[in-house]
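Chains as they are written, first to last, in numbering that gives the first Met the number 0: chain X, 0 to 329; chain Y, 0 to 250.
The beta carbon of each residue, even a glycine, is placed where N, CA and C say it ideally should be.
Bear in mind that the values here come from a model prediction, so they are computed numbers and not experimental data.
This report concerns only the one structure given below.
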Amino acid sequence: MSTPSPSRTPPPTWAGTQTARETANQIVLGFLAVLPLLTLAFDEPFYLELFSRVMVYAIAALSLDLILGYGGMVSFGHAAFLGVGAYTVGILSYYGIDSAFLQWPAAILLSALAALVIGYVSLRTTGVYFIMITLAFAQMLFYFFTSLEAYGGDDGLTIWTLSEFFGPISLDDDLTLYYVIFAVLGGCLYLSHRLVHSRFGRVLQGIKSNEARMRAIGYPTKRYKLLAFVISGTMCGLAGVLLANQAEFVAPSYLAWHRSGELIVMVLLGGMGTLFGPVIGAVAFMLLAHFLADLTIYWPVIFGPFLIAVVLFGRGGLYGLIGKMGGRNG
Amino acid sequence: MAEPLLRIEGLTKRFGGLIACDGISLDIGPGEVHAVIGPNGAGKTTLVAQLGGGLRPEEGRVTFDGQDITRATPEDRSRLGIARSFQITSVFTGFSALDNVALAVQAHAGHSFRFWRPVAGDATLEDPARAALERIGLADRAGDPAGDLSHGERRQLELAMALVTEPRLLLLDEPTAGMGREDSDRMIALLEGLKGERAMLLVEHDMDAVFALADRITVMTYGKVIATDTPAAIRENEAVRAAYLGTDEAA
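Written as structure tokens, this is what we have:
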């Protein structure tokens, strides 16, 4: 790993940009909290569904930011965990096991296990090799699920009964599902916030900055990276559980390489190493894709240059721009 | 001399056809300041890198406090009590000076699989870090990002990071390189203050620093040790004069 250049901008923990960002956090979370009321008032149930899905991807992007933005690990196969989580729900449901209290822990456990295996092997490499090997693992899982004819092969698998909780909590109700996803997103944000500001989080950021130096002052860095990878993969698996319930369907396309690419784009677009940035990135990405697709079938022609512009000129992504708007003493 | 703290026996490192270190042997006693000098390309930095664990030697043995560490990882060496400062300054530029040192304290304060309590404001890490910054003369820069520090200040910060790991041996690779006279005098004074407290292996081009600090000096050329002796004896050594000191003084 090369020596970091002195011109690199400090992480966003410094004074000045905090307040504008906090305001942005509150606006986005507040908007997501009251959105169902708006969709009811304007009788636009479609947006309830759209934003449910946006939040699922926000959780996945957030999980990727933990290792990409804080640990410097560019996983180009993160959608694999989305797929593992989703397929666990799908396959258990196929066998009539619908209890969320069985499905969800099983999905979390299997995602963690997948991340442990993939991480253990992949973290023997760094840089471009790490990118390629995580991609390779995701492709392996992609073809694995494609070949599972019993579970629909590449046609995918429809989920007839969603994860069952108890009493009045039924994910069949779009509003309940929306708030369950919202609560999971909030929980993941809070957990991640605690994590990155803990001792473990600081070690992770030190490794991103200069791994050789971390080893020289006594950190067995590989263990910390592996655990971060497992935490990230598990959180992404949880997003997969929600995705399966939201779409009422699972398919190998959840694990496709361009899905992994989209997650990276969401993180970069929102601002990596900020936790909340990727959430904003996911919202912006999904909404833009949705509305541009309505406008023209050639929407990537507009979308591509837009992404390049944000990444080039707003180095901290959208969240970085928000920070700058707050000014130095904001 | 008592049992050496560090014993290097026949250490050899090749890069392709080039022999960077050719059967290096030397001992460093507890608390000894041992300087390694020699012209550019003599293999000094390669030697330090092998002692720090960044490079694997092809042959030879390194023993620290009676334990064979030839194949130990950098993190294991750090835990045993060997701290290294890098020739190319490599502090964590995004962190504040205080956080840089606190991170080094944390490395030796048990494992870091602690996920919940905020690390910022943790007195068990920041108090020793502040004390080290105080000692090194950087207390007033504690809150500044390390990237904003001058070159000299960064080298001081590196030393503070090494010191809080409570090492028994400091590997110092050109601690005054690239410094102005004032900064390098301050660094030499800092190291003099540590003399007797920690053993040091000091690679240095600044002869004032070497003769002010060293208990013994090893001279290397072309990957080989040509002499190891007290500073006074090294000054009088004909082979050393021919190989090194003469040209240096002429320059």
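Interface flag, residue i vs chain Y, CB-CB below 8 Å
i              : result
residue 24(X)  : no
residue 216(X) : yes
residue 211(X) : yes
residue 228(X) : no
residue 69(X)  : no
residue 316(X) : no
residue 75(X)  : no
residue 18(X)  : no
residue 136(X) : no
residue 7(X)   : No answer about residue 7(X) holds up, because its pLDDT of 40 lies below 50 and its placement is not dependable.
residue 123(X) : no
residue 266(X) : no
residue 194(X) : yes
residue 191(X) : no
residue 240(X) : no
residue 52(X)  : no
residue 282(X) : no
Endpoints, beta strand (DSSP E) assigned at residue i
i              : result
residue 19(Y)  : 17-27
residue 9(Y)   : 5-14
residue 251(Y) : Here chain Y covers residues 0 to 250 and nothing more, so residue 251(Y) does not appear.
residue 33(Y)  : 32-36
residue 227(Y) : 223-228
Of the residues the options, the one placed nearest residue i, counting alpha carbons only
i              : options                           : result
residue 114(X) : 98(X), 133(X), 99(X) and 316(X)   : 133(X)
residue 142(Y) : 150(Y), 114(Y), 92(Y) and 183(Y)  : 92(Y)
residue 106(Y) : 188(Y), 31(Y) and 128(Y)          : 128(Y)
residue 4(Y)   : 193(Y), 202(Y) and 168(Y)         : 168(Y)
residue 177(Y) : 61(Y), 156(Y) and 151(Y)          : 151(Y)
residue 212(X) : 115(Y), 87(Y) and 238(Y)          : 87(Y)
residue 90(Y)  : 113(Y), 159(Y), 67(Y) and 181(Y)  : 159(Y)
residue 197(Y) : 215(Y), 166(Y), 212(Y) and 56(Y)  : 166(Y)
residue 203(Y) : 20(Y), 101(Y), 111(Y) and 38(Y)   : 38(Y)
residue 36(Y)  : 222(Y), 216(Y), 63(Y) and 228(Y)  : 216(Y)
residue 104(Y) : 145(Y), 206(Y) and 164(Y)         : 164(Y)
residue 312(X) : 227(X), 206(X), 269(X) and 291(X) : 269(X)
residue 64(X)  : 216(X), 45(X), 97(X) and 195(X)   : 195(X)
Start-to-end residues for the alpha helix (DSSP H) that takes in residue i
i              : result
residue 62(X)  : 44-67
residue 257(X) : 256-269
residue 90(X)  : 78-93
residue 98(Y)  : 96-106
residue 133(X) : 126-145
residue 323(X) : 316-324
residue 173(X) : 173-195
residue 218(X) : Per DSSP, residue 218(X) belongs to no alpha helix (DSSP H) and is neither H nor E.
residue 119(X) : 99-121
residue 312(X) : 298-312
residue 282(X) : 275-294
residue 332(X) : Absent from the model: residue 332(X). The displayed extent of chain X is 0 to 329, so no value can be given.
residue 165(X) : Run containing residue 165(X): none; DSSP gives neither H nor E here.
residue 47(Y)  : 43-51
residue 209(Y) : 206-212
residue 125(Y) : 122-135
Cβ of residue i within 8 Å of any chain X Cβ
i              : result
residue 149(Y) : no
residue 217(Y) : no
residue 74(Y)  : yes
residue 103(Y) : yes
residue 123(Y) : no
residue 160(Y) : yes
residue 63(Y)  : no
Same chain, Cβ closer than 7 Å to residue i, five either side skipped, listed in chain order
i              : result
residue 49(X)  : 289
residue 137(X) : 76, 78, 79, 254, 256 and 259
residue 210(Y) : 230
residue 176(X) : 51, 170, 244 and 245
residue 130(X) : 73 and 75
residue 238(Y) : 225 and 226
For residue i, the residue or residues it bridges with in DSSP
i              : result
residue 63(Y)  : 5(Y) and 66(Y)
residue 169(Y) : 82(Y) and 199(Y)
residue 330(X) : Since the displayed chain X opens at 0 and closes at 329, residue 330(X) lies outside it and no answer follows.
residue 90(Y)  : DSSP, once it has assigned bridges, lists no residue as partnering residue 90(Y).
residue 181(Y) : DSSP lists no partner for residue 181(Y).
residue 194(Y) : 197(Y)
residue 149(Y) : The partner list for residue 149(Y) (beta bridge, DSSP) is empty, contrary to what the question assumes.
Chain-order list of residues whose beta-carbon lies under 6 Å from that of residue i (same chain, five-residue window excluded)
i              : result
residue 250(X) : 155
residue 190(Y) : 212
Close Cβ partners of residue i (< 8 Å) along its chain, the five nearest in sequence each way excluded
i              : result
residue 187(X) : 58, 61, 62, 234 and 237
residue 11(Y)  : 18, 20, 21, 22, 23, 56, 57, 58 and 59
residue 8(Y)   : 24, 59, 60, 61 and 62
residue 65(Y)  : 2
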